[in-house]
Each structure stands twice: as structure tokens, then as C-alpha cells.
Amino acid sequence: MKQLLLLLVLMLPFTTTHATQPLPGDSIYHLKLQLTDQDGHRQLLAERRGRPQLVTMFYASCQMVCPMIIDSMRATRNALTPAERAKIDLLAVSFDPARDSVAALHGYAEKRKLDAPAWTLARVEPAGARQLSGVLGLQYRQLPDGEFNHSSELILLDADGRIVARTSHIGRLDSVFVEAIRRQLGGT
């Protein structure tokens, strides 16, 4: 019994999780953002720590670029092997929380066949959307007609929330970006 206890005590430093380690200074998880997903579940952005994330920002009523962003995200995920897909999460956060209610996000996910848990469509409060877009290096502005002019990028985060790769290739697969994801997943 003493030997087992000693073995457990010696293993303790090697069994720490990401959550017990301090966040790197350049982690987006320093943002204190509350996400609400397409099913009404709430979680802090930092709770996504521990797994690489493929992240973008969009708005559900967009008829032109945002569907291409989501299609590019899907194509990128589909370019991975099933084992690789199981190691990465997809997060699309709305920068239009006034119109993108939980019901709107849920309807969008159903229409586009974006199944949880792989896909998370989320909303945050307006100030949170602005903070997140700033940290991710994405820009958006609302136009007088209610539509948005915005950046179109996919961003890869490591398990600690650091940006490790990005692509602005929307509407077609970016093989260099897929390889960056593979390299990141190889280290997880």
C-alpha cells in the first residue's frame, strides 16, 4: 500500500492538466467571455482550453461570404483524417448578437447540417464580440442596411488558445493551412 501511495505522489506532477497551468500571455482565453451556443448552453471561452480550435466569426443572416466561410471550415475539417477530426473543435462566433439569438443559431446549424459537438455556433454580448474580433485580428462594421462588412478568415488556436495559423483562403481549401492543423494535432 505504501508503494502505491508513493507511486501516486511521484506521478502527481506529471498528471497536471492544461487547466492547472497558467495561461500563456498571448492566449485568447484571457478574455472573460461568456459564449452561448446554438443549443442554449453557456460556457466561458476559457473552458474550451485543452483542445485545438478552428475558429471564425460570422453572422447567420449573411447571404454571401459567411456561407462560404462555413463551407471552407467544413472542407478544412473534411480534409483531415477521422482521427484528426476527433482532436479538433470548430467554433464560429457571431458578431451580430442582436439578430443571432440562440434560436437563429440553432436554425442555421440545422439548415447547414452543422452537428454538435464538433460544431459550436455561439453568440456573445456586443462588447465581447468586439473584444474577440480584436484579439483574433478580425474586423467588422455594420452597414446602414444592417448587413456587415467583415474579414473572412479561419484561425487555428492551439490547446492553450494561442493563434498558431490562419488563412484568408475562403471558398477553396488551403492545403498549407490543413498541414498547419495536422502539425498542431500531431503535438496534442
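Mature numbering (1 follows the signal peptide of the UniProt record, and there is no 0) puts the sequence shown at residues -19 to -1, 1 to 169.
Beta carbons are placed, not taken as given, at the ideal position from N, Cα and C, and that holds for glycine.
Keep in mind that this is a model prediction, so the values were computed, not measured.
Where residue i falls, given that 16 or more other Cβ within 10 Å makes a residue buried
i: G142; result: buried
i: T57; result: buried
i: Q165; result: buried
i: T62; result: exposed
i: A103; result: buried
i: T1; result: exposed
i: H131; result: buried
i: H109; result: A small correction: the amino acid at residue 109 is Gly; His does not occupy that position in the sequence shown. Per the 10 Å Cβ criterion, buried.
i: A64; result: exposed
i: L26; result: buried
i: L95; result: buried
i: A67; result: exposed
Coarse secondary structure for residue i, derived from DSSP in three states
i: H150; result: coil
i: D7; result: coil
i: T17; result: strand
i: R30; result: coil
i: residue 185; result: This structure does not reach residue 185, given that the chain is present from -19 up to 169, and the question cannot be answered.
i: F87; result: Correcting the residue identity first, residue 87 is His in this sequence and not Phe. Residue state, collapsed to three classes: helix.
i: L117; result: helix
i: R80; result: coil
i: Q165; result: helix
i: Q123; result: strand
Proximal residues to residue i (C-beta, below 6 Å), its chain only, five neighbours per side dropped
i: T101; result: D18, L72
i: D126; result: none
i: L(-16); result: At L(-16), the pLDDT of 35 sits below 50, so the modelled position is not reliable; the number obtained from the coordinates is stated separately. Excluding sequence neighbours, L(-16) sits near nothing in its chain.
Expected contact under 8 Å - CB spacing of residue i and residue j to nearest Å
i: D81; j: Y121; result: That pair is no contact at about 13 Å.
i: L137; j: V145; result: 5 Å
i: G152; j: M49; result: 5 Å
i: A99; j: D77; result: 23 Å between Cβ atoms; not a contact.
i: V105; j: L4; result: Going by Cβ atoms, the distance from V105 to L4 rounds to 19 Å, so no, they are not a contact pair.
i: L14; j: L124; result: About 25 Å; that fails the 8 Å criterion.
Per DSSP, cross-strand counterpart(s) of residue i
i: V36; result: L72, I136
i: I144; result: L138
i: residue 170; result: Because the chain in this structure spans residues -19 to 169, residue 170 falls outside the shown range and cannot be described.
i: N130; result: R122
Cβ shell of residue i (< 8 Å), same chain only, five flanking positions each side left out
i: V116; result: I9, L12
i: F158; result: T57, L135, L137, A146, R147, T148, H150
i: P(-7); result: In this prediction, P(-7) has a pLDDT of 42, which is less than 50 and means its spatial position is unreliable; nothing more can be read from the coordinates.
i: I162; result: P33, L35, T57, L61, E65, I69, L137, A146
i: R23; result: Q15, L16, T17
Same chain, Cβ closer than 7 Å to residue i, five either side skipped, listed in chain order
i: Q87; result: Checking the sequence, you will find His at residue 87 rather than Gln. So the list reads Q19, D20, once near-sequence residues are dropped.
i: C47; result: F39, Y40
Residue-chain proximity (residue i, chain D), Cβ-Cβ < 7 Å
i: H150; result: The question asks about chain D, but that chain is absent: this structure has only one protein chain.
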